[in-house]
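Written out below as structure tokens is the structure these notes cover.
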Amino acid sequence: MTYQIGYSKEKDIRFQASSGGVGTAIIKYLLESGRYGTSMTFVFNAEECRYEPKLIYDFSDYNNCGSIYQDTDNIGFIKSAVKEIRNGIVVTCMPCQVAAVRSLLDRNNIPSFIISLCCSGQTTVEGTWLYYKLLGIDKKDVCNIQYRGNGWPSGIRIKLKDGTEVYRDNYTYPWTLMHKSQLYRPKRCLYCKEKTNIHSDVTLADPWLKEFMENDKTGNSFIISNHEGETVVKEMENKGLLVLRDSDEKEFVESQLGTIEAKVESSKHKALNRMIAGMGREGSFYKKVFTGSETMLKSHMFIMRMLRKIM
């Protein structure tokens with residue numbers, strides 16, 4: 009595997025993306041070069057108040073919308089749309105989805121290029137709805153939400169139907185309260201140990217390193233490439249489409265240490281994770297009571313801290 013840090017040479021792509029624009033640049037390159045005929049993008053469904061995957065055949069239809077902090081059924085979507093894929097597909101997904109996506113496409117003899125995103129745990133759409141509630145926003149008034157993008161590390165922008173825009177910096181209150189409660193995580197996220205997946209062609213992450221956190225306001229991507237990914241990234245660097253510097257596994261671990269440690273810690277609390285899965289299931293009485301207000305959600309966090317000490 010090759011470790012690098014860099015960014016897209018196209019200023020608009022780099023600025024609009026969540027970190028460096030490398031993933032977007034790769035999708036553009038693979039579509040416009042004709043190497044692949046199909047890719048995925050994500051569009052916001054205001055009626056359902058959620059992001060949904062969509063197939064595209066031309067980069068002009070790509071929605072450069074930053075990150076997607078909502079759990080999306082990429083596997084189910086690709087399975088339902090497999091007959092609409094033309095000349096192979098570029099897929100962006102979570103590490104836990106890579107193997108299933110690759111297997112599905114291989115079984116259908118569809119060439120694929122998979123971009124995997126480093127993941128600290130996804131959030132169900134109900135978690136986003138709670139986030140609106142904690143901000144005093146009615147989800148019916150929301151016409152768009154963008155997670156990250158427009159600089160780095162940026163934050164969450166919510167556009168309302170009356171033209172109002174609400175902004176919160178990345179990973180700040182009340183998002184942190186909702187996310188850390190773990191009541192709005194897909195069950196698989198509670199047991200996940202995967203930070204990356206070696207079976208993807210390219211893995212992308214934020215470079216949470218001192219040099220970037222202090223000096224970078226536009227965005228860089230941490231890039232791990234292997235398989236076809238190494239060839240594509242090298243080609244793009246040679247063509248001046250990507251600006252890169254070499255890195256290594258040690259620097260990658262340093263940049264992602266918080267999430268790696270959290271996953272290791274979570275693996276020590278299997279019984280607690282099973283309990284949280286029950287607490288957070290749809291229709292759970294516990295979830296209904298303890299997410300009814302900010303005060304009750306903070307009480308839940310206190311209960312979690314106590315349980316971690318004894319379980």
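Using our numbering, you'd call the opening residue of the sequence shown number 9 and step up by one each time. Backbone N, C-alpha and C fix where the C-beta goes; we use that ideal spot for every residue, glycine too. If you're wondering where the values come from, they're calculated on a predicted model, not measured in any experiment.
(message) Going by DSSP, what residue range makes up the beta strand (DSSP E) through Leu63?
(response) Here the question's residue 63 lines up with position 55 in the sequence shown. Segment 58 to 64, the beta strand (DSSP E) holding Leu63.
(request) Would you mind reading off the limits of the alpha helix (DSSP H) that contains Gly291? (result) Position 283 of the sequence shown, counted from the start, is the residue given in the question as residue 291. Unbroken run through Gly291: none, as it is neither H nor E.
(request) Determine the burial state of Thr46: buried for a count of at least 16 other Cβ atoms within 10 Å of its Cβ, exposed for fewer. (result) The sequence position of residue 46 within the sequence shown is 38, counting from 1. Result: buried.
(message) Helix, strand or coil, according to DSSP, for Glu18 in the structure here?
(response) If you number the sequence shown from 1, residue 18 lands on position 10. DSSP places Glu18 in coil when its eight states are reduced to three.
(request) Take Ser229 and list the residues in its own chain whose beta-carbon comes closer than 6 Å to its own, dropping the five residues that flank it on each side. (result) Residue numbering aside, residue 229 sits at position 221 when the sequence shown is read from its first letter. These residues qualify, in order along the chain: Ser27, Gly28, Val30, Leu212.
(message) Quick check on the DSSP output: what are the complete alpha helix (DSSP H) runs of length 4 or more inside the stretch 229 to 273, in order along the chain?
(response) 236 to 246, 257 to 263
(message) Buried or exposed for Met48, going by 16 or more other Cβ atoms inside 10 Å?
(response) Stepping through the sequence shown from its first residue, residue 48 is reached at position 40. The residue in question, Met48, is buried, as its Cβ has 16 or more Cβ neighbours within 10 Å.
(message) Which residue wins for smallest C-alpha separation from Glu222, given the options Pro161, Asn82, Asp149?
(response) Sequence index remark: in the sequence shown, residue 222 carries index 214 (1-based). Checking every option, the nearest Cα to that of Glu222 belongs to Pro161.
(request) Would you decide whether Met319 is buried or exposed? Buried here means 16 or more other CB atoms lie within 10 Å of its CB. (result) Locating residue 319 in the sequence shown gives position 311, where the first residue counts as 1. Met319 should be labelled exposed.
(request) Could you have a look at Leu168 and say whether DSSP puts it in helix, strand or coil? (result) In the sequence shown, the residue the question calls residue 168 occupies position 160. Here Leu168 sits in strand by DSSP.
(message) Along the chain, where does the beta strand (DSSP E) containing Cys324 start, and where does it finish?
(response) With the chain covering only 9 through 319, there is no way to say anything about residue 324.
(message) Using only the alpha-carbon positions, how far apart do Ile166 and Tyr155 sit?
(response) As a first step, residue 166 is located in the sequence shown; it is residue number 158 there, counting from the start. As a first step, residue 155 is located in the sequence shown; it is residue number 147 there, counting from the start. Looking at the two C-alpha atoms, the distance is approximately 9 Å.
(request) Just the C-alpha distance for Asn158 and Glu173, rounded to the nearest angstrom, thanks. (result) Sequence index remark: in the sequence shown, residue 158 carries index 150 (1-based). Sequence index remark: in the sequence shown, residue 173 carries index 165 (1-based). The straight-line gap from Cα to Cα measures roughly 14 Å.
(message) For Leu315 and Pro215, I'd like the C-alpha separation in whole angstroms.
(response) As a working mapping, residue 315 is identified with position 307 in the sequence shown. As a working mapping, residue 215 is identified with position 207 in the sequence shown. Whole-angstrom Cα-Cα distance: 33 Å.
(message) Per the DSSP calculation, Ile153 is bridged to which residue(s)?
(response) For the purposes of this step, residue 153 is taken as residue 145 along the sequence shown, with counting starting at 1. Ile153 pairs with Ile166.
(request) Look at the alpha carbon of Asn82 and the alpha carbon of Thr100, and state the distance between them as a whole number of angstroms. (result) Residue mapping note: residue 82 aligns to position 74 of the sequence shown, counting from 1. Residue mapping note: residue 100 aligns to position 92 of the sequence shown, counting from 1. Those two C-alpha atoms are separated by around 9 Å.
(message) Along the chain, where does the beta strand (DSSP E) containing Asn223 start, and where does it finish?
(response) One-based indexing of the sequence shown puts residue 223 at position 215. Unbroken run through Asn223 is the alpha helix (DSSP H), 218 to 223; no beta strand (DSSP E).
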